[in-house]
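Colleague: Take this structure first; my questions come after.
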Amino acid sequence: MKLLLSVLAICSIQTVSSTFCFWNTGCPYKYFSNKTPYNSVRGDIRDSVVKLTGCEPVSIWGLIRHGQRNPGTEFGKHMKEALVIKEHVEASYNKGNCSLCAQDVENLLNWQVNMEMFDKPFQLTKEGYQESEGIGRRFKQAFPKLLEKLDQHDYLFRPAQGAWMADSAKGFVKGLGNKDLTIQPPKTNFDILSPYDTCKKYITDVKGNPETYAPSVRYLSSSEYLASKDRIQRRLGINYILTDTNITALYDLCRYTTSGLENKLSPWCALFTTQDLKVLEYIADLRHYYKSGYGTPINELLGQITLTDLLKSFKDAKSGKGKKITSYVTHATMMDMVYTALQLFKDDEPLSTSQRKADRKWRSSKLAVFSSNLMAVLNKCDKAVDDYNVVFYFNEEPLQSICREGVCTWQEFEDKLSPFTETNTEFCHNE
Ligand SMILES: *[C@@H]1O[C@H](CO)[C@@H](O)[C@H](O)[C@H]1NC(C)=O
Ligand SMILES: *[C@@H]1O[C@H](CO)[C@@H](O)[C@H](O)[C@H]1NC(C)=O
């Protein structure tokens, strides 16, 4: 036994460097902020559906973010330019200046680019379609009676504007397993799915205002970001001095070429340590926090407008005029605003621009992942006391932080959402 132990000790000393490789790590960091594959965070509604004795689901209302899509034009351009860094890494490795593991370098060199990623900016990927389809399929299985047969007046499906929204909606409907369902065309003017698009105040004061992004830019001079940047440069050992834009492009290559459905890691992620990935994730958390979260007060109001549709939808269902399912596909911005309106994932202190708090609640890697979703299920119960209740699901798990076990009594639901009916878009047009 003693001998064996000492052999093991020698082994572990000799292999110490390759136990820190990316390719063989047992627990790769899978959270890539708003480009996180859905499979990295999702639950499974078939396992987690809350079954309440004496109650029966009568209506579902859901908001789903579009699935994985190709990078946009600008980010795609930077990623394409950054591909050459692969050659810098090869040269540096051959000179003995690169401290990446041999297998990680080999995987990177063998990696083949799929140019479609750059040629079709914003297009929904096959994986993105499958993410949406999977959600539809699992909901159908979790609510077989409710979703088995859908007549024209039983449902409403609508995407926000954009081809990748429409394609995600198609995936979701395909998953529901009924070919004949009609998807409404996106609205071209005001829509509760993206009220910020027609809100002048939001466009000028928030989206188009550099101040909104200033906190995330400020974080680029924090000691933890600078340490990461320095670490990446030194590990690669390349002569090419990486800019912040280059690091973002490399991060994008890592996250856009990771597959959640096939559980396939991207060799580009080997350029980063887990700590680096956490730092990069936080930059996006800050952007989301100010652009569509608690950092800017009007975001909450815009989320409230969307939620009035949920209240109306379930009130209609209670009066027998409702739909079995209402489901919308929209942007991360809208998802963030809705969570903000519901006071979910709210930290006591605003996010700091100098230091990442590890246990913060506001995490873009949960709230704004590809295909992230908020689903509410209205149950009709036979008990007179609690005749209806609403169960909330977040990424296919009961949303514990909204009501106990994710189950809100009708009263709790109404108390939460009714005040939002007072909110209108007048503030959008005030100077
Ligand atoms: C690095 O970023 C700079 C801009 O900061 C850009 O001009 C350059 O092309 C990038 N290089 C690579 C290899 O991506
Ligand atoms: C390798 O490192 C040495 C010492 O730091 C440096 O002089 C040399 O330029 C580096 N070569 C490359 C290809 O980065």
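Okay, so the sequence shown: first residue is 2 according to the working numbering, each after it adds one. Cβ coordinates follow ideal geometry from the N, Cα and C atoms, glycine included. Quantities reported herein were computed from a predicted structural model and do not represent experimental measurements.
If we count the other Cβ atoms within 10 Å of its Cβ and call it buried at 16 or more, is residue 250 buried or exposed?
Modeller: The residue is buried, with at least 16 neighbouring Cβ atoms inside 10 Å.
Colleague: Could you tell me whether the segment 82-95 touches the segment 397-407, where touching means 3 or more Cβ pairs closer than 8 Å?
Modeller: At 8 Å Cβ cutoff, the stretches do not touch.
Colleague: Is there at least one non-hydrogen atom of ligand 1 closer than 7 Å to the beta-carbon of residue 240?
Modeller: It does not: the Cβ of residue 240 is nowhere closer than 7 Å to a heavy atom of ligand 1.
Colleague: Taking buried to mean at least 16 other C-beta atoms within 10 Å of its own C-beta, is residue 200 buried or exposed?
Modeller: It counts as buried.
Colleague: Do the CB positions of residue 371 and residue 185 come within less than 8 Å of each other?
Modeller: Contact flag unset, no.
Colleague: Exposed or buried, residue 301, counting other C-beta atoms within 10 Å across all chains shown (16 or more means buried)?
Modeller: Per the 10 Å Cβ criterion, buried.
Colleague: So, using beta-carbon positions, are residue 362 and residue 59 closer together than 8 Å?
Modeller: No.
Colleague: Taking the alpha-carbon of residue 165 as reference, which of 214, 237, 65 and 107 has the nearest alpha-carbon?
Modeller: Measuring from the Cα of residue 165, the nearest candidate turns out to be 65.
Colleague: Looking at the unbroken beta strand (DSSP E) that takes in residue 62, where does it start and where does it end?
Modeller: Looking at the DSSP string, the run of the beta strand (DSSP E) that includes residue 62 is 56-66.
Colleague: Just tell me which of 367, 154, 23 and 406 has its CA closest to the CA of residue 323.
Modeller: It is 154.
Colleague: Closer than 7 Å: is that where the CB of residue 406 sits relative to any heavy atom of ligand 1?
Modeller: No; taking the cut-off as 7 Å, the Cβ of residue 406 has no heavy atom of ligand 1 nearer than that.
Colleague: From the DSSP output, in three-state form, read off residue 384 for me.
Modeller: In this structure, residue 384 counts as coil in the three-state DSSP scheme.
Colleague: Ligand 1: which residues have Cβ under 6 Å from any of its heavy atoms, chain order?
Modeller: The answer, residue by residue, is 82, 83, 85, 86, 244, 246, 247 and 250.
Colleague: So which of 209, 294, 273 and 127 has the shortest CA-CA distance to residue 71?
Modeller: Ranking the options by Cα distance to residue 71, first place goes to 127.
Colleague: Since residue 389 contacts residue 325 with CB under 8 Å, what's their CB separation in whole angstroms?
Modeller: At roughly 15 Å, the Cβ-Cβ gap does not stay under 8 Å, so residue 389 and residue 325 are not in contact.
Colleague: By the three-class DSSP mapping on this structure, what secondary structure does residue 429 have?
Modeller: In this structure, residue 429 counts as helix in the three-state DSSP scheme.
Colleague: Quick one: give me the first and last residue of the beta strand (DSSP E) that residue 328 is part of.
Modeller: Per DSSP, residue 328 belongs to the beta strand (DSSP E) from 326-331.
Colleague: Whole angstroms are fine: how far does the CA of residue 277 sit from the CA of residue 235?
Modeller: Taking the straight line from one Cα to the other gives about 13 Å.
Colleague: When you compare only the Cα positions, how much space is there between residue 375 and residue 133?
Modeller: About 13 Å.
Colleague: Report the three-state DSSP secondary structure of residue 76 (helix, strand or coil).
Modeller: If DSSP states are grouped into helix, strand and coil, residue 76 belongs with the helices.
Colleague: Where does residue 410 fall in DSSP's three states?
Modeller: Residue 410 falls in the strand class under three-state DSSP.
Colleague: For residue 390, which residues does DSSP report across the bridge?
Modeller: Bridge partners of residue 390: 380 and 410.
Colleague: If I'm right that residue 333 touches residue 359 with Cβ under 8 Å, what's the distance once you round it to whole angstroms?
Modeller: About 22 Å separates the two Cβ atoms, so there is no contact after all.
Colleague: For residue 129, I'd like the list of residues in its chain whose CB is within less than 8 Å of its CB, leaving aside the five on either flank, ordered along the chain.
Modeller: Counting only Cβ-Cβ distances below 8 Å, and skipping sequence neighbours, we find 67, 68, 69, 70, 165, 168, 169, 172, 371 and 372.
Colleague: Would you tell me roughly how many angstroms separate the C-alpha atoms of residue 205 and residue 329, rounded to the nearest one?
Modeller: About 26 Å.
Colleague: Could you say which of 354, 42, 151 and 81 lies nearest to residue 225 if we only look at CA atoms?
Modeller: Selected option, being the one with the closest Cα: 354.
Colleague: Mapping DSSP to helix, strand and coil, what is residue 353?
Modeller: Note: residue 353 maps to coil in three-state DSSP.
Colleague: Assuming residue 32 and residue 261 form a contact by the criterion Cβ under 8 Å, report the distance between their Cβ atoms to the nearest whole angstrom.
Modeller: Wrong, their Cβ atoms sit about 11 Å apart, outside the cutoff.
Colleague: Buried or exposed, going by whether 16 or more other CB atoms sit within 10 Å of the CB of residue 115?
Modeller: Burial call: exposed.
Colleague: Quick one: residues in its chain with C-beta nearer than 6 Å to the C-beta of residue 280, no 5 flanking neighbours on either side, listed in chain order?
Modeller: Excluding sequence neighbours, residue 280 sits near 225, 226 and 229.
Colleague: For residue 431, count the other beta carbons within 10 Å of its own beta carbon; 16 or more makes it buried, fewer makes it exposed. Which is it?
Modeller: Exposed is the call here.
Colleague: Touching or not, the segment 41-59 and the segment 74-82, by the rule of three or more beta carbon pairs under 8 Å?
Modeller: No contact exists between the segment 41-59 and the segment 74-82.
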